[in-house]
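Each remark here refers to the structure printed beneath this line.
Chains as they are written, first to last, in this note's numbering: chain A, 10 to 578; chain B, 10 to 578.
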């Protein structure tokens, strides 16, 4: 089998890192014990490993094909998508009122990881729909909800996000797509949107576009943007598919990777749309969608790391090359210190990404169910870190994976380059990682650092647990301790720096350091709580070889703009 | 123009870093003043920027096509190759006795950088031939030299290196291709070789393969390997092309990048070959070729960094997005601190790679012309660092380049993904970067560290110059000073560690740290010697934001194998 879903690892983290049992305190989740969770994950694992994973290479080689105004997917995608929807995985986190499974995001993230590892390009389709479901549940009228949610949740219809225009990418406030109110209360949407993932395809009978557009006379910038639901086919009363709406795919991009997923240029020409949420309040609805979507992309990064890791481990146990430098060596390259270090780096970074994603998901779940503002801020703080750090790790792990394979890592038939190419987009879409970092040091510090300091306190708790347990080398605990002190200095530097551009100059490195140090915390916490020796040793490896990078990142993070604007580019 | 060759920057480094004038002390180079060098580089720049650079995308889209036993190159490659050979660039470093230009490698490297930036896949062809010329000049019989060198140097014929077999990659000693002596003194070569760059093509009338093979009864491992010259067409006396030799291309690999360059699987079936050098001494001849080839690959890494940098700078001056955070901003994304920091990182890493390549080339030139053993050891020490660090930088700079482009960076028509895909092979071929690192901490320390300590002394000299000049911030000099002390500790740790596998465990990180710290030294030295304020500020940026990574690398470098073998993969 080319991919084997890491269910045991997920269960371990759910139990010892997330303490997932705490969700059972809430009525909604009272039956969600570990045994039930295992049953759910095993089901998703079977689907991912057996049915979907073999499609990954197919979608890379046979790209979706545009024929006039439709897009035909690679062979096998229709059938695999059907299995995903039949399993209820599209609507797994959606409300039971509309046919969903009402699973917490922390479980949904495990499933999404598996689907993403199996075939990232296909898995992106339900991920987009999940975001749309979330946005409609929170912001749409009852009428829209009743009409769209059951069809989206069942997977019969799919959803997209339409933000970007040619001159409005990171700067979404610059968009010009227009919306004009009609007598019947609907709107006419006109404009061009680019980079629309799964904007057109033949997997579902209808495609529902959430489109950001401007009402006449609205304010400039993001405060003048409204959100509209614009379906490819207008819904009709008798549950049949209705009239074709005036929107069309005009091109499919030729990308570096993620070939199985059609990235569309969409043209709206007085297309019929419905307002979602209030006029000029589109960004807040979009952010509901984007927060979960950012976590979703973080999980995508993780998913590619996991698959790259698995491939590299199999290869390095199999490939014989050179003499073994260790006693009782197998003669395979896994015996070589350099290769083994590469594999352990991949493993540690993948584990850390998973922890970060699950911790973030759990925080969102707790925030949502308890309404607790502390959890809400914690979740909000973690989201940009999860998105950027986990996708960076995904790129890095895929890169190391190539190196472990040597020459074969550059040959497409090995499947190794695809992971490297596919994962690269995750550091870009849903807000580039630079945008995530700016969000972290600006909006996410606007609570005076409360969420950040609370996370630092969690590091202190972990340090105490480790000192108490006495299983970790004293020197390693000291290094973790020092990293935390440096992080705190960095956090204070950011908070004390009034000029926002001085913060921005160090944002990427600050986020990286936060991610790296959280990583050590997660590994140590899981090791201590689970009393798992393997985890302890992985934590030791991470502290020895990867954590030191956080010091370098923090140095750069707190330098401000001085040598940046003075130096000529 | 899509690529503009950085001739001024090269001249600056040749003058102030390499002190290229010192070559004029030797008869061979007495006329090689800066003015002459400029004329040479300008010529190569014109060819690269105007004729060759536009082919880069062509070769990426239209791959070489295998038709029965021949391979047809992408459109325009034949004509461009003709220009390269007509300009004398194939044989620019070869001996005048056989029609070469006898230019030092330090100039040849500048030209190779330009050709590589323009079209890496095409430039690989003359690079392979250059390696073959070098090997034949040093090891072949007069008869072989007279027959082959003029044709290789003129570019009428091309050369390849045949080392790798399916089960003999990094472990070249495992190869099984056989060579049997015939009555006429030639050999019959039989076996399969893989990953043969430009193994078959239609650019030249003959293709000359240097093939590593085993004589009957030879020792196992690398001591039983001999080197053979095996041409596609046997040479004939009348300067016409002779009989077809029994070797054939059986497949062209489908790679992640470098598509314009056909990577062949070659089958030798009792092909006629001539011994180069002594029996069972093939590795020493191969190393002559590989040393320069490794520098050549280092320059390839640099070449892609330069082109990625140029593309990113153009884009970020052009692309308007968001509000400028600085006074008198242009509104383009180059004003954003995060983007600017990315661009400066690209610029600094590219500059450092160039310095490292030119310093290494100069050292090889001086070693060769003076026979000085100190220079020989210096060159030998620098080669693995140049190869690994410069190609790592190439990958890193191409990666940052994608990020600067945002979504466009993932779209193939932008040309940005190609650089990222193409450069990735440079970290793998000519000995993976892991192999380079192991070479550094093993063979290259077998002089008791003399070459390493001598380089550390050069860092001390640079520090003194900077302190004396007083233009650099005291704090920055201190950081450079500290980095050097840490490097020295690392070097001593390596030398004092008897168990070679303990060294290997830290080899990659030790090499990285050495490269990073040499980088600061180069930037500071050029800035001080040239009294160039721009260079000084770039050095300042590098010390602030990139040099700190060396501390993290050195920590990991000196940990040994402990948490590597104990931890389960």
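Here a beta-carbon is modelled for each residue, glycine too, at the ideal position from N, C-alpha and C.
Here the structure is a predicted model, which is why all the values come from computation and not from measurement.
Pull up the DSSP beta-bridge partners for residue 169 of chain B, would you. B:218
At 9 Å on the CB atoms, spell out the chain A contacts of residue 433 of chain B, in chain order. 408, 411, 418, 419, 426 and 429
When B:576, B:170 and B:116 are compared against residue 133 of chain B, the one with the closest alpha-carbon: Out of B:576, B:170 and B:116, the CA that lies nearest to the CA of residue 133 of chain B is found in B:170.
Does the beta carbon of residue 180 of chain A come closer than 9 Å to any beta carbon on chain B? yes
Could you give the residue range of the alpha helix (DSSP H) that holds residue 279 of chain A? Where residue 279 of chain A is concerned, there is no enclosing alpha helix (DSSP H), although the beta strand (DSSP E) it sits in stretches over 272-285.
If distances are taken between C-alpha atoms only, which option among B:553, B:352 and B:392 comes closest to residue 371 of chain B? When only C-alpha atoms are compared, the closest one is B:392.
Taking Cβ-Cβ distances shorter than 7 Å, what residues in chain C pair up with residue 531 of chain A? No chain C appears in this structure, whose protein chains are A and B.
Tell me which residue opens and which closes the beta strand (DSSP E) that residue 80 of chain A is part of. It spans 79-81 - the beta strand (DSSP E) in which residue 80 of chain A sits, taken as one unbroken run.
Among A:330, A:27 and A:316, nearest to residue 405 of chain A - alpha-carbon criterion: A:316
If you pair each beta-carbon of the region 98-118 of chain A with each one of the region 154-167 of chain A, do three or more pairs fall below 8 Å? yes
Less than 7 Å between C-beta atoms, sequence neighbours within five positions excluded: which residues of the same chain meet that for residue 335 of chain A? Result list for residue 335 of chain A: 344, in chain order.
How long is the line joining the alpha carbons of residue 227 of chain B and residue 181 of chain B, rounded to whole angstroms? 15 Å
Chain A contact residues for residue 422 of chain B, given Cβ-Cβ distances below 7 Å: By Cβ distance, chain A contributes 263.
Grouping DSSP H, G and I as helix and E and B as strand, with all else coil, what is residue 204 of chain B? Here residue 204 of chain B sits in strand by DSSP.
Other residues of its chain near residue 300 of chain B: CB distance less than 7 Å, five sequence neighbours each side excluded: 392
So, for residue 509 of chain B: in the same chain, excluding its five sequence neighbours on each side, which residues have a beta-carbon less than 7 Å away from its beta-carbon? 451
Using three-state DSSP, classify residue 16 of chain B as helix, strand or coil. helix
Just reading off the beta strand (DSSP E) that residue 239 of chain A is part of, what are its end residues? 234-240
Kindly provide the ranges of any alpha helix (DSSP H) runs that are 4 or more residues long and lie completely inside the region 44-71 of chain A, ordered along the chain. 64-70
Quick check on this structure: which residue in B:46, B:117, B:207 and B:111 has the alpha carbon closest to the alpha carbon of residue 80 of chain B? B:207
When you compare the region 184-199 of chain A with the region 114-125 of chain A, are there three or more beta-carbon pairs, one atom per stretch, that lie closer than 8 Å? Result no; under three Cβ-Cβ pairs closer than 8 Å.
Let's see if you can read the secondary structure: which residues bound the beta strand (DSSP E) around residue 251 of chain A? 250-253
Per the contact definition of three or more C-beta pairs closer than 8 Å, is the region 504-524 of chain B in contact with the region 18-35 of chain B? no
Any C-beta of chain B under 9 Å from that of residue 232 of chain A: Proximity of residue 232 of chain A to chain B, defined by a Cβ-Cβ separation below 9 Å, is not satisfied.
Counting only beta-carbon separations shorter than 9 Å, does residue 168 of chain A have a partner in chain B? no
Partner residues on chain A for residue 455 of chain B, Cβ-Cβ distance less than 9 Å: Chain A residues near residue 455 of chain B: none, gap ~17 Å exceeds 9 Å.
The beta strand (DSSP E) spanning residue 471 of chain B covers which residue range? Here residue 471 of chain B belongs to no beta strand (DSSP E); instead the alpha helix (DSSP H) covers 459-478.
Closer than 9 Å by beta-carbon distance: list the chain B residues that pair up with residue 331 of chain A, in chain order. 179, 180, 182 and 183
Please look up how many angstroms separate the CB atoms of residue 489 of chain A and residue 529 of chain A, rounded, as I've assumed it's under 8 Å. 5 Å
Per DSSP, which one or two residues make a beta bridge with residue 244 of chain B? Bridge partners of residue 244 of chain B: B:250.
First and last residue of the alpha helix (DSSP H) that includes residue 118 of chain A? 114-127
Would you say residue 87 of chain B reaches chain A, if we count a Cβ-Cβ gap shorter than 9 Å as a contact? no
Taking residue 215 of chain B as the reference, give the member of B:378, B:254, B:434 and B:234 with the closest Cα. That would be B:254, whose Cα lies nearest to the Cα of residue 215 of chain B.
Taking 9 Å as the CB-CB cut-off, is residue 575 of chain A touching chain B? yes
Can you name the start and end residues of the beta strand (DSSP E) that residue 190 of chain B belongs to? 187-190
In the DSSP output, which residue or residues are listed as bridge partners for residue 87 of chain B? BP columns for residue 87 of chain B are empty, so no partner.
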